[in-house]
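Chemist: Quick mapping for you: the protein sequence lines, in order, are chains W and R. Start counting the first sequence at 1; every next residue gets the next number (the UniProt record's numbering). Start counting the second sequence at 1; every next residue gets the next number (the UniProt record's numbering). Even glycine gets a Cβ: it sits at the ideal position worked out from N, Cα and C.
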Amino acid sequence: MTGTPMADLIVVGGGLHGCSAALHAAKRGLSVIVIEKDNAGRHASGVNAGGVRRLGRNYAEVPISVRSMEIWHRIEDLVDDDCGFQRCPQIKVAETEAELETLAKRAADLRELGFTHEVIVDQQELRRLLPAVAPHCVGGLASLDDGFAIPYNTTFAFQRKARALGVQFFEKTHVENVRRDGKDWHVDTSAGTFKGRNLLNCAGAWAGEIARQLGEHAPIEAIAPMMIVTARMKRFCDAVVGGCGRPLSFKQAENGTVIIGGGRRGYPDPKTNKSEMRFSQLRYSAETAIGIFPIMKSATIVRSWAGIEGRMPDDIPVIGPSSTHENAFHAFGFSAHGFQLGPAVGELMAELIATGHTNAPIAPFSITRFANS
Amino acid sequence: MSATTKNRYDVAIIGAGPAGMAAAVEVTKAGLSAIVLDEQPAPGGQIYRGIETSDEKRTKILGPDYAAGRDIARAFRDSRAEYLPGATVWNIDSALGIDVSLGQGSKHIQAGAIVVATGAIERPTPMPGWTLPGVTTAGALQILLKANGVVSDDVVFVGSGPLLSLIAAQMLKAGVKPRAIVETVPQSRYVAALKHLPAALGAASYLLKGMAMMLSLRRAGVPIYRDATGIRIEGNGKAEAVTFTSGGKSHRLETTSVALHQGIVPNQQVTRLLRCEHEWNKSQHCFVPKVDEYFETTMADVYVAGDGAGIGGAVAARLRGRLAGLRIAEKAGRGNAQERRSVTDALMREAKIRPLLETLYAPSPEILAPADETLVCRCEEVTAGDIRKAVDLGAPGPNQVKSFLRSGMGPCQGRMCGLAVSEIIASRRGEPISEIGYYRIRPPLKPLLLSELAALESEEAVPVDLADESAALH
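1) With 7 Å as the threshold, decide whether the Cβ of residue 96 (chain W) is near any Cβ in chain R.
2) Does the Cβ of residue 341 (chain R) have 16 or more other Cβ atoms within 10 Å, making it buried, or fewer, making it exposed?
3) Pull up the CB-CB distance for residue 83 (chain W) and residue 75 (chain W), whole angstroms please, since I reckon it's below 8 Å.
4) Thinking C-alpha only, which one of R:326, R:446 and R:445 is nearest residue 31 (chain R)?
5) Answer with yes or no whether the minimum CB distance from residue 276 (chain W) to chain R is below 7 Å.
6) Can you list the residues of chain R that residue 290 (chain W) reaches, using a CB-CB cut of under 8 Å?
7) Closest Cβ-Cβ distance between residue 442 (chain R) and chain W: below 7 Å?
8) Among R:231, R:355, R:117 and R:76, whose alpha-carbon lies nearest the alpha-carbon of residue 181 (chain R)?
9) Could you confirm whether any beta carbon from chain R is found closer than 7 Å to the beta carbon of residue 302 (chain W)?
10) So, for residue 192 (chain R): in the same chain, excluding its five sequence neighbours on each side, which residues have a beta-carbon less than 7 Å away from its beta-carbon?
11) Near residue 225 (chain R), what residues of its chain come up, given a Cβ to Cβ distance below 6 Å and the 5 sequence neighbours on each side ignored?
12) Compare the beta carbon distance of residue 196 (chain W) and residue 206 (chain W) with 7 Å and say whether it is the shorter of the two.
13) Which ranges would you report for the beta strand (DSSP E) in the region 219–249 of chain R if only whole runs of at least 3 residues count?
14) Does the beta-carbon of residue 309 (chain W) have 16 or more other beta-carbons within 10 angstroms, so that it is buried, or is it exposed?
15) List the residues of chain R that residue 279 (chain W) touches, going by C-beta distances under 7 Å, in chain order.
16) For chain W, check one thing: does any of its Cβ atoms lie closer than 7 Å to the Cβ of residue 111 (chain R)?
17) Over the uninterrupted beta strand (DSSP E) stretch that includes residue 126 (chain W), give me the two end residues.
18) Please give me, in chain order, every unbroken run of the beta strand (DSSP E) with length at least 3 that falls completely inside the region 51–94 of chain W.
19) Residues of chain W with CB under 8 Å from residue 318 (chain R), in chain order?
20) Looking at the strands, I want to know which residues DSSP matches up with residue 253 (chain R).
21) Which residue marks the beginning of the beta strand (DSSP E) containing residue 242 (chain W), and which one marks its end?
22) Using a Cβ-Cβ cut-off of 7 Å, state whether residue 403 (chain R) counts as contacting chain W.
23) Under 9 Å Cβ-Cβ, which residues of chain W neighbour residue 409 (chain R)?
24) Would residue 37 (chain W) pass as an interface residue toward chain R - the criterion being a Cβ-Cβ separation below 7 Å?
25) Given that residue 499 (chain R) touches chain W, what residues does it touch there, using C-beta distances under 8 Å?
26) In terms of residue numbering, what span does the beta strand (DSSP E) encompassing residue 331 (chain W) cover?
27) Do residue 436 (chain R) and residue 427 (chain R) count as a contact pair if the criterion is CB distance below 7 Å?
28) Give me the subset of the region 134–166 of chain W whose CB atoms are less than 7 Å from a CB atom of chain R, sorted by chain position.
29) What residues match up with residue 59 (chain R) in a beta bridge as DSSP calls it?
30) Among W:52, W:365 and W:284, whose alpha-carbon lies nearest the alpha-carbon of residue 68 (chain W)?
31) How would you list, in chain order, the residues of chain W whose beta-carbon sits under 9 Å from the beta-carbon of residue 400 (chain R)?
32) DSSP state of residue 137 (chain W), grouped into three classes?
33) Scan the region 144–168 of chain R for residues whose Cβ lies nearer than 8 Å to a Cβ of chain W and list them as they occur along the chain.
34) Quick one: which chain W residues come within Cβ less than 8 Å of residue 185 (chain R)?
35) Of the residues R:222, R:290 and R:271, which one's Cα is nearest the Cα of residue 279 (chain R)?
36) Residues in its own chain within less than 7 Å of residue 374 (chain R) by CB, not counting five upstream and five downstream?
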């Protein structure tokens, strides 16, 4: 490398959040460098289940999720690519009356907070929305205007658009050390040192180490949520379906294949960037899928995989400024539900970095909540 | 030999071809417990398929090299190895636990060492019209011949490689004359191959056999077109003709049956699943797992014997199987160094013919660089042009192309397109294919019923936090 590359902002991590923040920062006129140890979208961003949902989120995330949904509905305006986004209902299925009651309480809570996108559907309506659902399912909670997208294509589209706006990507470049030198951040990598005015930590499962170098405690755990895809099946499901009493994420893609996730975890190895399947756990996802959709008895699995994701102990992300340094920021630890949030979190981080302020309600996501843990 | 009763074995051998059978014989001779898992209903692998049930007439058609499999199968049957036919291995974990489907459910087997003896597959041959009904591979035709003696007439063989003329000659013996052989070997290759001739004379029997085959075809009046280029299979909904240029003239052969072949390459699915390191073999023009002199991979206690470690042929496969078996026994303190050395010497003699064959029968440049409109991934209908476009957008390698276009995501798990996709990306990016690499292979290795996974014997469910919905819904 000749000379030290410099930018207004250095983003560590080329997942969806890194690419989105870089894209939005470039739109605000900042020069941006993204440093990624693998290739963009290699881990959780590129290999997740692709659910684009407001449904069932932690209450603190709802406002940001709602804003993100607005962007998703017009995603092509932002990245010149449809990202494979399909608008469709997201439904959590209740298998018992008790589960339905829990869901009803949640819908009522949200209404009180001023959000009306989650609605209770009764058994009859559930059958109308999901003709193949098992007879014992009594109803559900639905967010009718949610959807799903194709994860890798989405991350790749954000990267391409960011590139088109002048963002420089350094892939297969491993960050070894971040340090402050005067007013600038110096980022030492396997490909030399980079200099930036601002630093954004979007390193996913690997973000804890960057935080540590900034003197901040972030007890992030690497997890490997497992996924299955089946051979093509005749169309039978037009919604993304989740469980209430037992974990499940279920959808039929446009080409007829069915993607089944549901939080069952394999073995992650963040040191080698590899993960391994754990079929003795994944069998429960298969069992639940067949339980809720009996048609799945005849389904054939063609592939399974697990991406590496960062999970926080309280299952909500870290979003906001560093508590120890000026001009340093975090957006990581999305705990296996960050895909839908990508467009809006990138937008608010760019605002925060460029102007020093954002109106988005990010206080619950401060890294300081772990300071004494 | 008995039906399986246990879950733990010193050695698990995947594949009951010459390498797998030979390895099983060696390790059980040394007193180790072994299980052989094979998809076929009977031992033999691809090369000796149906060997135990082949009648005299069929064995005569297939020739003495095929008949040699009888003794190997008999020795295997006489060994103490447990043998599970009809067994499809669908996952192997890093602790050498094997998940195998037996049709009526899956079984988990723990192995101390694994011999991957899954052999070779035919190289993908993307060219215009290769997906039309009526087009098959030469290997698929030979399976029919071995399994039930069925052969079609009117076949036009297209491509290159020793197997192409072998199968054509076998068909002739079976009384079905091939329509023609359209060879894609460029003239210049014969010159280039000449320098390997002296070494190949050390394995003169192979050369003589090859010459005899060609002679028999020519005597029978089978037209042989040399140095064919611009090959297209034409037809409306099914193969109707093959067109090409040869000897400065264009030709059109009408036929409803075309058999393609461009040599064989290691079946990498298992070694890729296990993340063994692989390297690009320039001479064989394919990826091969890195192995040491005893065919142990970069993953401890995982061996790959037979053509899976690089194409060497049936005799070498058996020797490699023996060598891997002897090495495993040696590691267990039951070695026989003298025998091991004699096997190594025999393997070196066997290797002498390879440089000549590999130079002469390197894949045709046309299938390595298919035209934009040619389908490369048949399962997901992805063309060479689609792949080039993805590269131009910035997709750096096969795994990104796979995510972006779904190539390699179909039921064949990339077996039919993997090498071609890597070639196209490498040439478009102007980078060596060794840097570009290959698809990551994910389990299940072969399609598996969801209900079979659900019925898997298993540990307790690890609780997933449902209070936050993250785990339940992405």
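Modeler: On the basis of the coordinates in this document:
1) Interface criterion not met: the Cβ of residue 96 (chain W) is under 7 Å from no Cβ in chain R.
2) Note on residue 341 (chain R): under 16 other CB atoms within 10 angstroms of its CB, so exposed under the neighbour-count rule.
3) Contact flag correct, Cβ pair sits at about 5 Å.
4) Closest by alpha carbon: R:326.
5) True, the Cβ-Cβ gap to chain R drops below 7 Å.
6) Neighbours of residue 290 (chain W) on chain R, chain order: 450, 451 and 454.
7) Yes, residue 442 (chain R) lies at the interface with chain W (some Cβ there is under 7 Å from its Cβ).
8) Of R:231, R:355, R:117 and R:76, the residue nearest in Cα terms is R:231.
9) At least one CB atom of chain R sits nearer than 7 Å to the CB of residue 302 (chain W).
10) The residues are 359.
11) For residue 225 (chain R), same chain residues with a beta-carbon under 6 Å away, outside a window of 5 residues either side, are 182 and 246 in chain order.
12) No, Cβ-Cβ distance for residue 196 (chain W) and residue 206 (chain W) is not below 7 Å.
13) If you keep only unbroken beta strand (DSSP E) runs of at least 3 residues inside the region 219–249 of chain R, you get 229–234 and 241–246.
14) Classification of residue 309 (chain W): buried, given that the 10 Å Cβ count is 16 or more.
15) Those are 91, 99, 453 and 456, listed as they occur along chain R.
16) Closer than 7 Å: no.
17) Run containing residue 126 (chain W): none in the beta strand (DSSP E); it sits in the alpha helix (DSSP H), 123–129.
18) Qualifying beta strand (DSSP E) stretches, in chain order: 90–94.
19) Per Cβ cutoff of 8 Å: no residues; residue 318 (chain R) is ~33 Å from chain W at best.
20) For residue 253 (chain R), which the question treats as bridged, DSSP gives the partners R:242.
21) Segment 240–243, the beta strand (DSSP E) holding residue 242 (chain W).
22) For residue 403 (chain R), the answer is yes, since a Cβ of chain W falls inside 7 Å of its Cβ.
23) What residue 409 (chain R) touches in chain W: 229, 257, 302 and 303.
24) Taking Cβ atoms only, chain R never reaches closer than 7 Å to residue 37 (chain W), which makes this a no.
25) No information on residue 499 (chain R) is available, as it lies outside the stretch 1 to 474 that chain R covers here.
26) First-last of the beta strand (DSSP E) with residue 331 (chain W): 328–332.
27) No, these two residues do not count as a Cβ contact at 7 Å.
28) Within the region 134–166 of chain W, the qualifying residues are 152, 153, 156 and 160.
29) Residue pairing from DSSP leaves residue 59 (chain R) without any beta-bridge partner.
30) When the alpha-carbon of residue 68 (chain W) is set against those of W:52, W:365 and W:284, the nearest one is in W:52.
31) Chain W residues near residue 400 (chain R): 39, 40, 41, 42, 46, 152 and 156.
32) It is coil, neither helix nor strand.
33) If the cut-off is 8 Å between Cβ atoms, the region 144–168 of chain R has nothing near chain W.
34) Per Cβ cutoff of 8 Å: no residues; residue 185 (chain R) is ~37 Å from chain W at best.
35) Ranking the options by Cα distance to residue 279 (chain R), first place goes to R:290.
36) If we look at residue 374 (chain R) and ignore the five residues flanking it on each side, its Cβ neighbours are 126, 127, 128, 383 and 384.
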